[in-house]
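Per the working numbering, residue 278 is the first one in the sequence shown, and the count goes up by one each step. Yeah, the Cβ is synthetic: ideal placement off N, Cα and C, and Gly gets one too. All figures in this text were calculated on a predicted structure; none of them were measured in a lab. Presented below is the structure to which this report refers.
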Amino acid sequence: MQDDFEPTRQQKDEAALWHVRRAGGSMSVAQEQEFEDWLNTSRSNRLAFDQMRVLWARIEEPARQFSESRRKTAFSMVMSRCSPRRSITALVGIALATVVMIFINPDIVENFRADIVSGQTVVTSIGLPDGSVAHLAANSAVATDFSGGRRNVELLRGQAFFDVVHRNGDAFRVNTQDATVQVVGTRFNVDFLSGHTTVMVEEGAVRVASKTDTGGVLIGPGQQITVADDLLVSSDTVEIQQALAWMKGRLVVQNMRVADLMVRLENYDSSRIVVLGGLADQTISGSFPTTDIAGSLETVADAVGANVMKTSPWLTVLY
Numbered sequence: 278m279q280d281d282f283e284p285t286r287q288q289k290d291e292a293a294l295w296h297v298r299r300a301g302g303s304m305s306v307a308q309e310q311e312f313e314d315w316l317n318t319s320r321s322n323r324l325a326f327d328q329m330r331v332l333w334a335r336i337e338e339p340a341r342q343f344s345e346s347r348r349k350t351a352f353s354m355v356m357s358r359c360s361p362r363r364s365i366t367a368l369v370g371i372a373l374a375t376v377v378m379i380f381i382n383p384d385i386v387e388n389f390r391a392d393i394v395s396g397q398t399v400v401t402s403i404g405l406p407d408g409s410v411a412h413l414a415a416n417s418a419v420a421t422d423f424s425g426g427r428r429n430v431e432l433l434r435g436q437a438f439f440d441v442v443h444r445n446g447d448a449f450r451v452n453t454q455d456a457t458v459q460v461v462g463t464r465f466n467v468d469f470l471s472g473h474t475t476v477m478v479e480e481g482a483v484r485v486a487s488k489t490d491t492g493g494v495l496i497g498p499g500q501q502i503t504v505a506d507d508l509l510v511s512s513d514t515v516e517i518q519q520a521l522a523w524m525k526g527r528l529v530v531q532n533m534r535v536a537d538l539m540v541r542l543e544n545y546d547s548s549r550i551v552v553l554g555g556l557a558d559q560t561i562s563g564s565f566p567t568t569d570i571a572g573s574l575e576t577v578a579d580a581v582g583a584n585v586m587k588t589s590p591w592l593t594v595l596y
């Protein structure tokens with residue numbers, strides 16, 4: 278039975294590494310022989326490699342297509358492919374393709390909801406209707422509501438630095454999936470890149486609330502608070518210039534998971550960055566330029582004892 282030869286997690290990881298090496302086209306004769314020996318060691322190895330080839334084939338083309346249009350909204354992408362004369366079969370194909378793209382990169386859903394989506398430039402500055410300014414990091418998405426005297430911004434994805442003007446005491450609110458930040462006039466940073474919200478104040482004061490702590494916590498210059506599992510967790514006083522280094526083209530991190538750092542670096546590059554195996558949970562500290570992603574990846578790889586392989590213009594693997 279096939280189940281008797283089902284590959285182990287280790288064999289699947291090894292198959293992924295072999296596929297990355299072969300896709301790079303730089304294997305020596307000795308490495309090719311080593312690969313053949315590995316394949317012939319067991320049927321499970323060969324099955325693992327066959328599964329990896331099939332998986333890669335399914336991912337590679339949608340990833341390429343999505344990378345070419347990752348900044349477009351779901352609506353514009355679907356409308357550009359549809360017309361009243363398309364057959365039901367074609368419409369089903371488009372729907373399936375859209376589902377695959379959403380699986381490959383869920384940004385497409387947030388882009389559809391957003392009013393503003395930044396590109397891959399280091400900082401995109403947006404003037405808001407009340408005179409405030411939002412400085413967006415690469416690949417960030419925000420929705421706004423300034424109707425009826427409201428001053429509401431929703432950070433759907435990414436990172437933003439807000440320079441808020443005082444207006445008759447009217448509150449300015451920034452919402453994320455798990456937090457609400459309320460101010461009157463101040464300068465502060467909101468990071469929603471790793472599935473939770475971190476707020477840092479440069480000037481003035483803000484009140485940060487979570488779903489379970491609606492009263493929130495008031496923080497001032499140099500203070501930072503993170504929302505984790507709906508709990509408000511205060512940090513020691515932070516170095517403001519380091520925290521805002523992203524606005525000058527660098528990411529400064531301290532004991533950050535490699536996988537989380539890759540999420541940040543990926544925003545400044547056209548390809549997806551995949552981290553294999555236990556490497557994702559290793560931590561790293563340092564300063565990495567966002568204007569040279571290839572160089573930053575090599576620096577990360579050297580620091581954690583890993584390798585970098587760009588398998589195509591649309592996919593880079595750290596292993």
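Buried/exposed call for residue i, threshold 16 Cβ in 10 Å
i, result
"Arg363", "Any reading at Arg363 is ruled out, since the residue's pLDDT is 48, under 50, leaving its predicted position unreliable."
"Gly582", "exposed"
"Ser357", "In this predicted model, Ser357 has a pLDDT of only 46, less than 50, meaning its place in the structure is not dependable enough to derive any value."
"Ser424", "exposed"
"Ala414", "buried"
"Arg464", "buried"
"Leu495", "exposed"
"Leu373", "Reliability of the predicted coordinates at Leu373 is poor, the pLDDT of 46 falling under 50, and no value is obtained from them."
"Gln519", "exposed"
"Val594", "buried"
"Glu516", "exposed"
"Ser305", "exposed"
"Lys525", "exposed"
"Asn452", "buried"
"Ala391", "buried"
"Glu431", "buried"
"Met586", "buried"
"Ala367", "Note that Ala367 scores 48 on pLDDT, short of 50, meaning its location in the model is unreliable and no value can be drawn from it."
Distance CB(residue i)-CB(residue j) smaller than 7 Å
i, j, result
"His412", "Phe438", "yes"
"Leu592", "Ser562", "no"
"Val419", "Ile393", "yes"
"Val460", "Val442", "no"
"Leu324", "Pro284", "yes"
"Arg434", "Glu480", "no"
"Asn322", "Asn416", "no"
"Val530", "Met539", "no"
"Asp233", "Arg450", "The structure shown does not extend to residue 233, since the chain is modelled only from 278 to 596, so the question has no answer here."
"Thr489", "Gly499", "no"
"Phe565", "Leu528", "yes"
"Asp455", "Val504", "yes"
"Val282", "Arg330", "Here residue 282 is Phe; the residue named in the question, Val, does not match the sequence. Contact: no."
"Thr567", "Val400", "no"
"Tyr596", "Leu294", "yes"
"Gly554", "Asp327", "no"
Candidates the options, of which the one nearest residue i by Cα
i, options, result
"Asn576", "Val535, Val551, Asn544, Gly555", "Note on identity: in this sequence residue 576 is Thr, with Asn being the wrong assignment. For the residues Val535, Val551, Asn544, Gly555, the minimum Cα distance to Thr576 belongs to Val535."
"Leu506", "Thr285, Asp537, Ala307, Ser471", "With the sequence shown as reference, residue 506 is identified as Asp, and Leu is not the correct amino acid for it. Here the closest residue by C-alpha is Ser471."
"Val478", "Asp546, Val458, Asp447, Ser409", "Val458"
"Ala292", "Gly462, Gly492, Gln518, Trp315", "Trp315"
"Leu508", "Gln519, Leu495, Ala486, Phe449", "Ala486"
"Leu521", "Val585, Asp490, Val467", "Val467"
"Val483", "Thr475, Gly492, Gly497, Thr491", "Gly497"
"Val589", "Gln287, Val297, Leu432", "First, the amino acid is wrong: residue 589 is Ser here, not Val. Taking only the C-alpha atoms, the option nearest Ser589 is Val297."
"Ser511", "Ile517, Gly572, Asp558, Val476", "Val476"
"Leu542", "Gly554, Gly555, Thr560, Ser573", "Ser573"
"Asp558", "Ala571, Asn532, Asp569", "Asn532"
Beta-bridge pairing of residue i - partner residues as DSSP gives them
i, result
"Ala418", "Val394, Arg434"
"Gln459", "Arg450, Arg484"
"Asn322", "Looking at the DSSP assignment, Asn322 forms no beta bridge with any residue, so it has no partner."
"Thr593", "Ile550, Lys587"
"Thr474", "Val504"
"Ile403", "Ala411"
Residue i beta carbon near the ligand ZN (any heavy atom closer than 6 Å)
i, result
"Met524", "With respect to the ligand ZN, the structure offers nothing, as it holds no ligand at all."
Open item on the list: Which runs of the alpha helix (DSSP H) at least 4 residues long sit entirely within the region 515-539? Give them in chain order.
Closed with: 517-520
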